[in-house]
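Participant: Residues -18 to -1, 1 to 265 in mature numbering (1 follows the signal peptide of the UniProt record, and there is no 0) are what the sequence shown lists, from first letter to last.
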Amino acid sequence: MKKNALCLVTIMMATILATGLSSCDSDDVEDNGNGNSTKHVVRMISKGKEYVEWLEDSVDESYYSEYTYDSRGRVTRVYDVDSSYHTYAYDRRYQYGDNFILCEEITESTYSTGERKLDIERHKYTLENGLIVRDSITNSYESGAVVDYYAYDDVKRLISKTREKNGKVLYRDDFVWEGNNLMELINGDTKYSYSYSNNPWKSGMIIPYSILEDGCLLDSGYFGMKPQYLPSTFEMNSETYKDENFKYTYEYFLTDGLVTRIVGTHYDNNGLVKTSVMSVEWE
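#1: If I follow the unbroken alpha helix (DSSP H) through Gly197, where does it start and stop?
#2: Start and end of the beta strand (DSSP E) containing Glu146?
#3: Which same chain residues end up closer than 7 Å to Asn252 when comparing Cβ atoms and leaving out the 5 residues on each side of it in sequence?
#4: Considering only the alpha carbon of each residue, which of Ser122, Phe157, Trp183 and Val151 lies closest to Asp130?
#5: Using a 10 Å radius around the Cβ and a threshold of 16 neighbouring Cβ atoms, would you call Arg243 buried or exposed?
#6: Just to confirm my understanding: we take Tyr45, look at its own chain, exclude 5 residues before and 5 after, and list those with CB closer than 6 Å. What are they?
#7: What does the Cβ neighbour count give for Ser53, buried or exposed, with the cut at 16 atoms within 10 Å?
#8: In the DSSP assignment, the beta strand (DSSP E) including Lys21 goes from what residue to what residue?
#9: Within 8 Å of any Cβ in chain D, is that where the Cβ of Asp42 sits?
#10: Tell me whether Glu226 sits in a helix, a strand or coil according to DSSP, three-state version.
#11: Determine, using beta-carbon pairs with one atom in the stretch 138 to 146 and one in the stretch 173 to 184, whether at least three such pairs fall under 8 Å.
#12: Would you check if the distance between the CB atom of Thr89 and the CB atom of Arg75 is smaller than 8 Å?
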């Protein structure tokens, strides 16, 4: 769980070959607040600087993400490239069944030495009443499957996630809400805290720093209620992992009611500051 929180972006990948999946029939899509129910984020591009400790210098950093949707407004593919000293390409595709979602995520890593590495991770999400309650995960770099279980309250707010392997609990995350906004995620002595802007989180807006879950499925409602507003800060505080404590801040710029630019600032535990500017394109 800790490793997920250390990333500014939730970037996953893939190719899915499966049978027994439902076709992508037209259906109503939630209005995203600008009077146009068909607009979704289709592209995010970010540029900034990343400090490489062993080089004792900063290098250029860029991030590119592209989203594809079906006729019902559900994401079917996410393709990301994250490049600084090393380059990581992620390709993730979704297909939807009546009571499940399948996803295969492919990560291609290219290192400065010229070495290349390919990893594959597969998810099978089980749905009950339209909500993800179980995620069975297998991958190419370790044996066996891990299973995540999700629980919700009466108003469909995600309240816990429990990860198990071979019947043994590995960890549990607890989610603390105030009204319609998630305020804390707690894992042992590690706490992730959120504060919020005055900008509503409109339908179709994929949060690249999602609430430690799949941002696309979160926006589509498969993880229940999403926060009412866009986050302005995201902070980690831990005694066990205190060297990895961090804080992110976000500032949003809107055009015609839609977010078109995000300025993110990262403060790490050593006082290093990194700022990136992300452009957001809608169609």
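Just so it is clear, CB atoms sit at the ideal spot from N, CA and C, and this is done for glycine as well.
Facilitator: So, to answer that:
#1: Residue 197 sits at position 215 when you count from the first residue of the sequence shown. Counting along the chain, the alpha helix (DSSP H) containing Gly197 begins and ends at Gly197 to Asp201.
#2: Here residue 146 corresponds to residue number 164 of the sequence shown, with the count starting at 1. Glu146 -> beta strand (DSSP E) spans Leu140 to Lys147.
#3: Stepping through the sequence shown from its first residue, residue 252 is reached at position 270. No residues qualify anywhere along the chain.
#4: The sequence position of residue 130 within the sequence shown is 148, counting from 1. Nearest C-alpha to Asp130 among Ser122, Phe157, Trp183 and Val151: Val151.
#5: The residue labelled residue 243 in the question sits at position 261 within the sequence shown. With fewer than 16 Cβ atoms within 10 Å of its Cβ, Arg243 is classed as exposed.
#6: Walking along the sequence shown from the start, residue 45 turns up at place 63. Taken in chain order, the residues that qualify are Ser28 and Asp64.
#7: Taking the sequence shown and counting its residues from 1, the one referred to as residue 53 is at position 71. Its Cβ having fewer than 16 others within 10 Å, Ser53 is exposed.
#8: Walking along the sequence shown from the start, residue 21 turns up at place 39. Boundaries for Lys21: no beta strand (DSSP E) harbours it, and the DSSP string shows neither H nor E there.
#9: This model lacks chain D altogether; it includes just one protein chain.
#10: Walking along the sequence shown from the start, residue 226 turns up at place 244. The answer is helix: DSSP assigns Glu226 an H, G or I state.
#11: Counting C-beta pairs with one atom in each stretch, the stretch 138 to 146 and the stretch 173 to 184 have fewer than three that are closer than 8 Å, which means they do not touch.
#12: As a position in the sequence shown, residue 89 is number 107, starting the count at 1. As a position in the sequence shown, residue 75 is number 93, starting the count at 1. Result no, Cβ atoms of Thr89 and Arg75 do not sit closer than 8 Å.
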